[in-house]
Amino acid sequence: MSLSEKIFKAGIVGAGGAGFPAHIKAKSEVEFVLANGAECEPLIHKDYELMLHFAKEINKGLGLLIKSTSAKKGFFGVKEKNAKVISAIENCSNGKTELTKLSDFYPSGDEYELVYEATGRLIPPAGLPLDIGCVVSNVETLYNIALAEKDKPVTQKFICVAGAVKKPSSFFVPIGTSFNDVIEHAGGMKTKEFGIFVGGVMMGHLTFNLDEVITKTSAGLIVLPKDHYLIKRKNQPEQNWHRIGKSACDQCSYCTEFCPRYLLGYQVEPHKVMRSLGFTKTGAAVWNQMAELCCSCGLCTLYACPEDLYPKEACDKAKAEMGEAGIKFVQQKPVKVHPIKDGRSVPLKQLIMKLKLQDYDVEAPYNSEKIPVKKVRIPLQQHIGTKAKANIKKGESIEAEQMIGKISDGELGANVHASISGKIKEVTEDFILIES
Ligand code: SF4
Ligand code: SF4
Numbered sequence: 001m002s003l004s005e006k007i008f009k010a011g012i013v014g015a016g017g018a019g020f021p022a023h024i025k026a027k028s029e030v031e032f033v034l035a036n037g038a039e040c041e042p043l044i045h046k047d048y049e050l051m052l053h054f055a056k057e058i059n060k061g062l063g064l065l066i067k068s069t070s071a072k073k074g075f076f077g078v079k080e081k082n083a084k085v086i087s088a089i090e091n092c093s094n095g096k097t098e099l100t101k102l103s104d105f106y107p108s109g110d111e112y113e114l115v116y117e118a119t120g121r122l123i124p125p126a127g128l129p130l131d132i133g134c135v136v137s138n139v140e141t142l143y144n145i146a147l148a149e150k151d152k153p154v155t156q157k158f159i160c161v162a163g164a165v166k167k168p169s170s171f172f173v174p175i176g177t178s179f180n181d182v183i184e185h186a187g188g189m190k191t192k193e194f195g196i197f198v199g200g201v202m203m204g205h206l207t208f209n210l211d212e213v214i215t216k217t218s219a220g221l222i223v224l225p226k227d228h229y230l231i232k233r234k235n236q237p238e239q240n241w242h243r244i245g246k247s248a249c250d251q252c253s254y255c256t257e258f259c260p261r262y263l264l265g266y267q268v269e270p271h272k273v274m275r276s277l278g279f280t281k282t283g284a285a286v287w288n289q290m291a292e293l294c295c296s297c298g299l300c301t302l303y304a305c306p307e308d309l310y311p312k313e314a315c316d317k318a319k320a321e322m323g324e325a326g327i328k329f330v331q332q333k334p335v336k337v338h339p340i341k342d343g344r345s346v347p348l349k350q351l352i353m354k355l356k357l358q359d360y361d362v363e364a365p366y367n368s369e370k371i372p373v374k375k376v377r378i379p380l381q382q383h384i385g386t387k388a389k390a391n392i393k394k395g396e397s398i399e400a401e402q403m404i405g406k407i408s409d410g411e412l413g414a415n416v417h418a419s420i421s422g423k424i425k426e427v428t429e430d431f432i433l434i435e436s
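Last residue of the sequence shown? That's 436 in my numbering, and every number before it is there in order.
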């Protein structure tokens, strides 16, 4: 069986992003494979801990991917400040990989940034690394690839739980575990009134629901007191940011001047998108197009704007509106890196201060203790593509690692496996409930 077939069977998706099925990348032919260990979301340290404790497996996965894509070389992107991780990676290098040491800025983990730093190449506007002969894989995806080689499917997710919890830590959890169980494993909350950022404060979503579950793409949970600046800032209904933005944006263009995609040479200009708020009857589409190449990193809203407005949210809305209207923006001018890009990079520590997170800026060490989980609710759609179809029935007894959701041949998607042994309690189109 080829590596791509093994990855498909194991149900691997990109663990650090939107959940793109990983077998597609494994069957492409490229020049370079890049391991992305440039974790940059404030307070999330799960990739750091994974690289520190499982460097051998990650390097193995990288070597397998280099081989299956016939790449001539690999790059391992990691922050220069993480000396212990660098030495762990160097101690078990696969011999075909060069380290790309990155500065500690946000968003160094963006694949456009990483590809440029490692190879000097620029991904075409709205394009993929594949367009310039590269494949980028998050370090946890590579870890999963090493397991798939031994026929082990994805049933666990490595996550970081941080913020207002008693024991900030990183650990493996069965997919489908509730946020409540996960937070208890991190010692429980330090606050009664809370909000949880799923996947990080910059790019994740905010929830107050402890029944939500861990999926194949969850990077971690950041718990914060409900009256924290970030919760108030994120928990605004659309009409508020829309109304305030319309009246208070003075077009200073700081949001554009700090935009990492703009600084890399892409035509992203959030200050122009903010103009669209005032053009409600005609003209909005003209300005909305300046959002098309935005990666939703959140820097404009949470760092750059001196008025505390919402240019990132305006860009998200603009992209959705353009999609609905079938408008596709095509960048006309060549992509050219801004001459003062490096001078405008935002250091992570500075971002943490601005976000008022310095009290929570601590390590989240690996906890190898097994989390006691008696019930999991496993979603059938944890990936880009078609939803998996349940291939088991209510009442059946199953073993951990057994396939419970299947993708038909020829469809884009990822198979789903039981993360604990037990009895199937419920099967719907969207999820499977298992109790041990
Ligand atoms: S930084 Fe804020 S005030 Fe300035 S243009 Fe952007 S949204 Fe408007
Ligand atoms: S969220 Fe803002 S800063 Fe980030 S890419 Fe989009 S426009 Fe640029």
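C-beta: ideal position from N, C-alpha, C; glycine also. Given the structure is predicted, the values throughout are model-derived calculations rather than measurements.
Residue i versus residue j - alpha carbon distance
i, j, result
"T301", "E257", "12 Å"
"A357", "K167", "The sequence shown places Leu at residue 357, not Ala. The straight-line gap from Cα to Cα measures roughly 16 Å."
"L34", "V337", "21 Å"
"E90", "I196", "36 Å"
"G323", "H228", "34 Å"
"K374", "V182", "12 Å"
"L142", "K60", "8 Å"
"F208", "F194", "7 Å"
"S137", "F75", "10 Å"
"S87", "T69", "26 Å"
"L99", "I398", "43 Å"
"E435", "E401", "14 Å"
"Y310", "T280", "17 Å"
"I231", "G188", "19 Å"
"V13", "K152", "14 Å"
"I392", "K6", "22 Å"
"K79", "Y116", "15 Å"
"E238", "L43", "27 Å"
"F8", "A248", "50 Å"
"K73", "E149", "20 Å"
Pair within 9 Å by beta-carbon distance, residue i and residue j
i, j, result
"R121", "G109", "no"
"V268", "C294", "yes"
"P21", "S419", "no"
"S408", "T386", "yes"
"P129", "E113", "no"
"A364", "A83", "no"
"Q331", "Y266", "yes"
"Q382", "T215", "yes"
"G11", "A414", "yes"
"K354", "D104", "no"
"N92", "A55", "With the sequence shown as reference, residue 92 is identified as Cys, and Asn is not the correct amino acid for it. Yes, the Cβ-Cβ distance between C92 and A55 is below 9 Å."
"L3", "L62", "no"
"A219", "G16", "yes"
Nonlocal neighbours in the same chain, by C-beta distance under 7 Å from residue i, ignoring five residues either side
i, result
"L277", "H242, G245, K246, A314"
"F431", "R377, I378, P379, L380"
"E57", "Y143, A146"
"L263", "H338, K341, R344"
"V139", "A35, N36, G37, D47, L50, M51, I58"
"R275", "W287"
"S421", "I398, E399, A400, S436"
"V273", "W287, N288, M290, A291, P311, A314, C315, A318"
Opposing strand residues paired with residue i [DSSP bridges]
i, result
"K84", "Paired residues: none, contrary to the question."
"K333", "Answer by DSSP bridge pairing: none, since K333 is not bridged."
"Q156", "P174"
"V273", "V273 is not bridged to any residue."
"F258", "Paired residue(s): none; F258 is not in a bridge."
Residues near residue i by beta carbon distance below 6 Å, same chain, minus five either side
i, result
"Q289", "F329"
"D131", "P124"
"H53", "Y366"
"E292", "F329"
"K234", "L206"
"G405", "L380, A388, A390, V416"
"D361", "I352"
"T191", "A164, P225"
"G176", "V213, V376, R377, I378, S419"
"S178", "D211, V213"
"Y106", "C40, V346, L348, L351"
"K25", "V135"
"H271", "Q251, S253, C255, T256"
Closer than 9 Å to chain B by CB, residue i
i, result
"L412", "The displayed structure is made up of one protein chain only, and chain B is not part of it."
Sequence-distant residues of the same chain with beta carbon closer than 8 Å to residue i, five excluded per side
i, result
"K296", "Note that residue 296 is Ser in the sequence shown here, rather than Lys. Excluding positions up to five away in sequence, the list reads M203, K312, C315, D316."
"N180", "L210, D211"
"K333", "Q267"
"K81", "D104"
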